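So the structure is just underneath, and the comments pick up after that.
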Amino acid sequence: MYKTTLSGQVWRFDSLKTLMAKASPARSGDALAGIIATSAEERMAAKMALAEVPLTDILDNPLIPYEQDEVTRLILDTHDAQGFAALRHLTVGDFRDWLLDDATDTATLQRVARAITPEMAAAVSKLMRNQDLILAASKCQVVTRFRNTIGLPGHLSVRLQPNHPTDDLKGIAASMLDGLLYGAGDAVIGINPASDSLPVLAQLNVMLDDIIQRFAIPTQSCILTHVTNTLQLIERGAPVDLVFQSVAGTEAANSGFGINLAMLQEAREAALSLRRGTLGNNVMYFETGQGSCLSANAHHGVDQQTCEARAYAVARHFEPLLVNTVVGFIGPEYLYDGKQIIRAGLEDHFCGKLMGLPIGCDVCYTNHAEADQDDMDTLLTLLCAAGLTFLIGVPGADDIMLNYQSTSFHDALYARRLLGLKHGPGVRRLAGENANYRSARRAAAHRTPAIRCCPSCRKEPPYEPSRCLEPAA
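Position one of the sequence shown corresponds to residue 3 (my numbering), numbered consecutively onward.
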């Protein structure tokens, strides 16, 4: 039993699960599940009570029983008890203060990353304003490697997503060329295939590998098909770089995806056996998203943001190259509008980085959500200020296969230009040699009236191309 007094009224919460759900910022998914706070007063009371909960209490009281869920078993069996010694005396409120303290630096956060359970990360995020989530995440640094290095300070990588509704190779190649010349693709060139046909998937793998090898692009490819398909492709000798899978935060939800932890381990070992990485052995790519457990009726009464953080424990165990939340993809039933999508994106990025993940974000929404591209601009800018590892690059921001709105190559260009962020050297070379890229930068600068002067020379528009528009070294 947890309780607190607010304005003379005593508020009681039966369990840690209930307390965390009531302390969560309002969102449509938790309302759909019937676990949301019924008033702003109850939400504030829950936050006050949650702030007094010791981190050891969260560790000792799993929200989903150990015996019932393999994700819970993974979290507890792999917990870094030695690293937790530095945190075990803290309450959730103290933990927030510790994260925001100037003395808590990048090296300190790296040492304790595997001591922080998903529930601890989710709990502290519920006490944090947006600016707290941004500041704390900006202090976390996670670096991974396969054919290039991802996550270095001052860098922003982009997944080039050249999807096509019929998996047409020429259409995909055209989108790839467009993206590469805008500086996208340094995170991964990743296709969501329309087909599950193994011959088609193999054809896509071969095409991506051929382009990467022919033009000596230091990046990696991935076909975002089910892990069992990728295992079959590896058995057939396809040039597989990364193994992809969507993951969730409960065993039951992952069963709905047709996966379990043993299957993911098998896939990782198969990918490692190919030895295709030249700089490192991070061979897994995972996608997640708030609401997946609820949509499968597999949430066990746990709020959707905490379920999402538990998915990060699954991803972390397999040492991935890339992880991204697809924040608004699941629809307004779970994140109703732009405000909820923005908050969820910042929470996901913070929790992922805090737990030691190379986390990116598909800043996106569905066409029936109460959101628009201005909301995506806001979230994109906030995430990049927080040190986002990578984002998604879709031609025109409109994915013609998945039928949702994401971010474009121009959006990545804007973020890199605004914040002085770099991309991978090989992709930078391709982009820098292309006159269209320079023209696009010039056009993007003029289309952004909020930027009133050039960050380099501080002159009013029109900018001087020789000084302002050369790609950063």
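Just so it is clear, CB atoms sit at the ideal spot from N, CA and C, and this is done for glycine as well.
Values in this document were obtained by computation on a predicted structure and should not be read as measured data.
For residue j and residue i, believed in contact at Cβ under 8 Å, the rounded distance
i, j, result
"Gly-354", "Tyr-314", "5 Å"
"Thr-221", "Ile-191", "6 Å"
"Asp-305", "Ala-23", "4 Å"
"Val-285", "Val-329", "So it is not a contact: roughly 25 Å between Cβ atoms."
"Ala-33", "Ala-311", "Going by Cβ atoms, the distance from Ala-33 to Ala-311 rounds to 19 Å, so no, they are not a contact pair."
"Leu-57", "Thr-80", "Not confirmed; about 17 Å, so no contact."
"Glu-335", "Ser-30", "6 Å"
"Ala-273", "Val-242", "6 Å"
"Asp-401", "Ala-371", "Between Ala-371 and Asp-401 the Cβ distance is about 15 Å, and since that is not below 8 Å, they are no contact."
"Thr-308", "Glu-121", "6 Å"
"Cys-295", "Thr-327", "Actually they do not touch by this definition, with Cβ atoms about 14 Å apart."
"Thr-146", "Gly-282", "7 Å"
"Ser-177", "Pro-397", "5 Å"
"Ala-139", "Ala-388", "4 Å"
Segment limits, alpha helix (DSSP H) that includes residue i
i, result
"Lys-24", "18–25"
"Ile-344", "340–356"
"Val-208", "200–216"
"Ile-236", "229–237"
"Gly-187", "That residue, Gly-187, is in no alpha helix (DSSP H); it is neither H nor E in DSSP."
"Gln-84", "83–86"
"Arg-419", "411–421"
"Arg-75", "72–79"
"Asn-256", "253–258"
"Asp-107", "Here Asp-107 belongs to no alpha helix (DSSP H), and DSSP marks it neither H nor E."
"Asp-32", "30–35"
"Asp-62", "57–62"
"Lys-49", "42–53"
Residue interval of the beta strand (DSSP E) (run including residue i)
i, result
"Asp-364", "361–364"
"Ser-248", "245–248"
"Leu-8", "4–8"
"Ser-223", "223–225"
"Ile-191", "190–193"
Cα-Cα separation between residue i and residue j, rounded to whole angstroms
i, j, result
"Leu-226", "Leu-206", "11 Å"
"Gly-291", "Asn-132", "19 Å"
"Leu-356", "Ile-236", "33 Å"
"Leu-263", "Met-378", "33 Å"
"Leu-8", "Glu-43", "8 Å"
"Asp-255", "Asp-198", "One point to set straight first is that residue 255 is Ala, not Asp, in the sequence displayed. Each residue's alpha carbon lies about 21 Å from the other."
"Phe-352", "Trp-13", "29 Å"
"Met-209", "Asp-16", "56 Å"
"Leu-129", "Ala-117", "20 Å"
"Leu-276", "Leu-233", "12 Å"
"Phe-331", "Tyr-406", "7 Å"
"Arg-98", "Leu-337", "25 Å"
"Phe-392", "Met-46", "34 Å"
"Thr-383", "Leu-420", "9 Å"
"Ala-1", "Asp-62", "Because the chain in this structure spans residues 3 to 475, residue 1 falls outside the shown range and cannot be described."
"Gly-173", "His-166", "7 Å"
"Gly-347", "Thr-168", "30 Å"
"Arg-454", "Gly-426", "Annotation note: pLDDT 38 at Arg-454 (below 50); position unreliable, coordinate value reported separately. So the two alpha carbons sit approximately 28 Å from each other."
"Gln-143", "Phe-320", "18 Å"
"Gly-303", "Ile-37", "7 Å"
"Leu-323", "Thr-119", "20 Å"
"Ser-410", "Val-160", "10 Å"
"Asp-376", "Ala-83", "44 Å"
Three-way DSSP call (helix, strand, coil) for residue i in this model
i, result
"Val-329", "coil"
"Glu-372", "strand"
"Leu-393", "strand"
"Phe-15", "strand"
"Asp-379", "helix"
"Ala-317", "helix"
"Tyr-367", "strand"
"Tyr-336", "coil"
"Leu-92", "coil"
"Leu-323", "coil"
"Asp-400", "strand"
"Pro-451", "Annotation note: pLDDT 42 at Pro-451 (below 50); position unreliable, coordinate value reported separately. In the structure shown, Pro-451 sits in coil (DSSP, three-state: anything other than H, G, I, E or B)."
"Lys-461", "At Lys-461, the pLDDT of 44 sits below 50, so the modelled position is not reliable; the number obtained from the coordinates is stated separately. Three-state DSSP puts Lys-461 in coil, outside helix and strand."
Note to self: Restricting to runs no shorter than 4 residues, where is the alpha helix (DSSP H) found entirely within the region 265–310?
What the structure shows: 294–297
Margin query: Threshold first: 4 residues or longer. Then list the alpha helix (DSSP H) segments lying entirely within the region 115–176, N to C.
Written below: 120–127 and 132–140
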